[in-house]
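All residue numbers for the sequence shown refer to the UniProt record's numbering, where the first residue is 1 and numbers rise by one.
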Amino acid sequence: MNYEKIGPVEIVIGESQSRAPFSTSLLIRDRSTEESTLIDCGGGPSVFAYLQQQKIRQIFLTHFHPDHTSGAPLFDQTQILINPYDYARLLQFAEMRQSQATGTDSRKGAGTAQLIYPYEQEIHMSGTTVIMLHAPGHSEGFCCPYIPEHGILMIGDIDLTSFGPWYFGPDSDIDQFIASARMTLEVDAKYFLTSHQKGMVSQEEYPSKLEQYLEIIDRREERIKQAIKRGCSPAELILQDVIYFRKDHGQAAFIVRNEQMGIAKHLKRMIRSGEPLGDYFLEFAMAHKLNPDFVDQFTRPAFVGKAGAKSETKMN
Ligand SMILES: [Zn+2]
1 MNYEKIGPVE IVIGESQSRA PFSTSLLIRD RSTEESTLID CGGGPSVFAY LQQQKIRQIF
61 LTHFHPDHTS GAPLFDQTQI LINPYDYARL LQFAEMRQSQ ATGTDSRKGA GTAQLIYPYE
121 QEIHMSGTTV IMLHAPGHSE GFCCPYIPEH GILMIGDIDL TSFGPWYFGP DSDIDQFIAS
181 ARMTLEVDAK YFLTSHQKGM VSQEEYPSKL EQYLEIIDRR EERIKQAIKR GCSPAELILQ
241 DVIYFRKDHG QAAFIVRNEQ MGIAKHLKRM IRSGEPLGDY FLEFAMAHKL NPDFVDQFTR
301 PAFVGKAGAK SETKMN
């Protein structure tokens, strides 16, 4: 078990140094009662076994992605809370499942959430105040837990890896990702904690590390521009090492999907900034069997609840 403590906050690193499909959790302990609150639950089996020995009263999920939520179903006696956007999304998935009976669902970790927490408000978690700062971009509902008293900001999937930002979900948005990343620079924190690999970064190092990380977005877009300039066809654009190396495409099915979605997001972004790529984008979507509407598919929360408020609709 690899962990570190800052005051009552225990940083529980996931298996494989929190490399996806695992992630880091925060365990906040009440000093007097020993009860605790967990933020994110995707550390892997050995981490879940450790957490099951703790008296966890509530689990807050930063967003619905399985690498942050896979362990939630193991805590069936614990209240599980998620942000309003993802709650709305999960309701949609639940409806879809009922109407189409679509087999296994990788989102069932987040699907265990019964309650909604609010963004930007002080939430008391086992005696410690935490504010869930909405930071859309990586996903629409993604947020960064901020613990002002101890100067901790969990930047989560703004993960500072050398791979670069992940914005390949239908509800991801590149410009929002950049805006949210810049928002984190305004937060008065001493410790910036990623959900994967890199771990903790100090206040001094953070701005330059973040800048280097965001520059990867520009480099990806530049590779797309150059390829199009060379006359690269929409079908072949995914073979230009824009996001992943072409040689790695065979490693997992999601890699080609991410390459396609990532490029589609960039093309749409380039169109928004005035480049005449409308037809090229449609050809790209057709060549890769992407539904153009699926490339940015956002939900709006059906309702916004208070932390701990019982929701009216059941998800399962
Ligand atoms: Zn994620």
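Glycine is no exception: its CB is placed at the ideal position from the N, C-alpha and C atoms.
When the alpha-carbon of Ala181 is set against those of Thr24, Gly137, His63 and Ile116, the nearest one is in Gly137.
Taking every protein chain shown into account, the CB of Asn291 has fewer than 16 other CB atoms within 10 angstroms, so this residue is exposed. For Leu27, the closest alpha carbon among the candidates Ile6, Glu122 and Leu74 is that of Ile6. Assigned with DSSP and collapsed to three states, Gln58 falls in strand. Spanning the alpha carbons of Lys268 and Asn258 requires a straight line of approximately 15 angstroms. Put simply, the stretch 190-205 does not touch the stretch 220-232. Fewer than three CB pairs are less than 8 angstroms apart. Phe284 is positioned such that its CB atom lies no closer than 8 angstroms to that of Pro170. By alpha-carbon distance to Tyr206, the top candidate from Arg223, Asp188, Ser273 and Ile82 is Asp188. For Phe48, the uninterrupted alpha helix (DSSP H) run begins and ends at Pro45 to Leu51, by DSSP.
In chain order, the residues with a C-beta atom nearer than 7 angstroms to some heavy atom of ligand 1 are His63, His65, Asp67, His68, His138, Ser139, Phe142, Asp157 and Trp166. Taken through DSSP and simplified to helix, strand or coil, Glu149 comes out as helix. Between the stretch 218-227 and the stretch 36-44, the count of C-beta pairs closer than 8 angstroms stays below three; the two stretches do not touch.
In the displayed model, Tyr244 falls within coil according to three-state DSSP, outside both helix and strand. In this structure, Lys198 is the residue among Lys198, Leu214 and Leu239 with its C-alpha nearest to the C-alpha of Ala20. The DSSP-derived three-state label of His134 is strand. Counted as a single uninterrupted DSSP element, the beta strand (DSSP E) harbouring His124 occupies residues Glu122 to Met125. Assigned with DSSP and collapsed to three states, Leu214 falls in helix. In the DSSP annotation of this structure, the continuous segment of the alpha helix (DSSP H) that includes Tyr280 starts and ends at Gly278 to Ala287. Gly156 has Thr194 as its beta-bridge partners, per DSSP. In this chain, the alpha helix (DSSP H) harbouring Ser18 covers Glu15 to Ser18.
In the three-state reduction of the DSSP assignment, Val201 falls in the strand class. Around the CB of Arg246, fewer than 16 other CB atoms lie within 10 Å, so the residue is classed as exposed. By the CB criterion at 8 angstroms, Leu61 and Leu90 fall outside the cutoff. Boundaries of the beta strand (DSSP E) harbouring Leu27: Ser25 to Arg29, taken from the DSSP string. Excluding sequence positions up to five before and after Ile56, its CB lies within less than 6 angstroms of the CB of Ser36, Leu38 and Thr78, all in the same chain and listed in chain order.
Beta-bridge pairing by DSSP links Thr129 to His124.
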